[in-house]
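The numbering used here runs 26 ahead of the 1-based position in the sequence shown. Even glycine gets a Cβ: it sits at the ideal position worked out from N, Cα and C.
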Amino acid sequence: MKLSGKVAIVTGGSRGIGKATAILFTQHGADVVITSKNKTNLENAVKEIKNAVAIAGDIRKKTDVENVVKNTLEHFGKIDILVNNAGIFPKVKPLHEISEEEWNEVIDVNLTGQFRFTKAVIPHLMKTSGCIVNVSSDAGLKSFENFEADAYTASKGAFVLLTKAWAIEYAKYKIRVNCVCPGIVETDMTQPYLENEFDRSMAVAEHPIGRIGMPEDVAKAILYLVSEDSSWITGAILPVDGGVITK
Ligand SMILES: NC(=O)c1ccc[n+]([C@@H]2O[C@H](COP(=O)([O-])OP(=O)(O)OC[C@H]3O[C@@H](n4cnc5c(N)ncnc54)[C@H](OP(=O)(O)O)[C@@H]3O)[C@@H](O)[C@H]2O)c1
């Protein structure tokens, strides 16, 4: 039980990596708020997670984000952990074919959305000496051939450096800020790219360890980074990717 007495918010907690993280946190004794935009997805998820509360909110809306934080405090009285996980993946196309609307949509969710949540939660983490884990991507660490998702790359690259900036900025409040960078993980986000055997085998081949990731692989790394086991770690960028980034 690594998180007894802790209160965590997991954004994008309705599905994939966020849901696996919320489940693992509750198994380790935390009270967890899962939040995401789609109420049906959220209600379905919360049925599967003991000791979790679902609070819907669109990360693109400041008032929704503030409402999630307010409701969390009403339920649990404090916040110890924020997992900035919500994200979207754009339609893949070359940079010169992306519209400004498509670009802005990805940045609004994957980058400005993380700013909104972090800004709203930081004052409460100052009271608990809490911690933040940001979910970036291998795409934030290096460029990949044929990976035409530029706004996504921009958002995830920025998130890596913001992790380091926030770690330094808030160390004086004993708030730790770390980041995980997953490789390809089996979720709704990657499902369109893993549908046929050829695509799946190509994806597997990218990973030296010989398989793509499961949401639980990332959840376990996040658990480590929010637990006391990592109490001397801040500003760390941890690839969780079966070795992709080492190639
Ligand atoms: N899967 C991978 O291979 C992989 C690799 C590297 C990094 N990542 C990153 O890991 C994170 C989780 O990815 P995943 O694969 O678990 O994705 P996923 O299964 O598609 O889940 C995405 C989550 O984000 C939420 N979300 C999307 N837009 C939102 C908005 N406007 N407001 C609030 N919540 C919103 C979704 O909520 P709804 O249910 O309401 O839509 C859902 O809970 C993302 O940041 C992603 O970029 C994933």
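Boundaries for Pro-218: no alpha helix (DSSP H) harbours it, and the DSSP string shows neither H nor E there.
With a cut-off of 7 Å, the C-beta of Asn-222 is classified as distant from ligand 1, since no heavy atom of the ligand falls inside that distance. Using a cutoff of 7 Å, the CB of Gly-39 counts as near ligand 1, since one of the ligand's heavy atoms is closer than that.
Rounded to the nearest whole angstrom, the CA to CA distance from Asn-136 to Gly-113 is 5 Å. Rounded to the nearest angstrom, the Cβ distance from Ile-105 to Ile-35 is 6 Å, consistent with a contact under 8 Å.
Within 10 angstroms of the beta-carbon of Pro-265 lie 16 or more other beta-carbons, which makes it buried. For Pro-208, the uninterrupted beta strand (DSSP E) segment begins and ends at 202-208. Judged by beta-carbon spacing, Arg-142 lies within the 8 Å limit of Val-91, meaning their Cβ atoms are closer than that value. In this structure, Thr-179 is the residue among Val-33, Thr-179 and Val-161 with its C-alpha nearest to the C-alpha of Lys-117. Under the 8 Å Cβ criterion, the stretch 198-206 counts as touching the stretch 148-166, having at least three qualifying pairs.
Asp-255 sits away from Pro-208, with the two beta carbons spaced by 8 Å or more.
Under the DSSP assignment, Val-36 falls outside any alpha helix (DSSP H), being part of the beta strand (DSSP E) whose first and last residues are 33-37.
Below 8 Å, enough C-beta pairs join the stretch 119-134 and the stretch 169-189 to call them touching: three or more. In this structure Ala-80 is not in contact with Leu-99, their Cβ atoms being roughly 16 Å apart against a cut-off of 8 Å. Under the DSSP assignment, Val-58 falls in the beta strand (DSSP E) whose first and last residues are 57-61. Contact between Ala-78 and Thr-52 holds: CB atoms are separated by about 6 Å, below the 8 Å threshold.
Look at Arg-142: its beta carbon is at least 7 Å from all of the heavy atoms in ligand 1. Boundaries for Val-72: no beta strand (DSSP E) harbours it, while the alpha helix (DSSP H) harbouring it runs 65-74, taken from the DSSP string. Per the coordinates, the alpha-carbon of Val-211 lies some 18 Å from the alpha-carbon of Ser-169. In this structure, Leu-121 places its C-beta atom within 8 Å of the C-beta atom of Asp-176.
Assignment of Asn-136 by DSSP, reduced to helix, strand and coil, places it in the helix class.
Not one heavy atom of ligand 1 falls within 7 Å of the beta-carbon of Pro-265.
Counting C-beta atoms within 10 angstroms of its own C-beta, Pro-241 has 16 or more neighbours from the protein chains shown and is therefore classed as buried.
In this structure, Ile-107 sits near Val-252, with a CB-CB distance shorter than 8 Å. The Cβ atoms of Val-58 and Val-94 lie no closer than 8 Å to each other.
According to the DSSP assignment, Leu-251 belongs to the alpha helix (DSSP H) that extends over 241-252.
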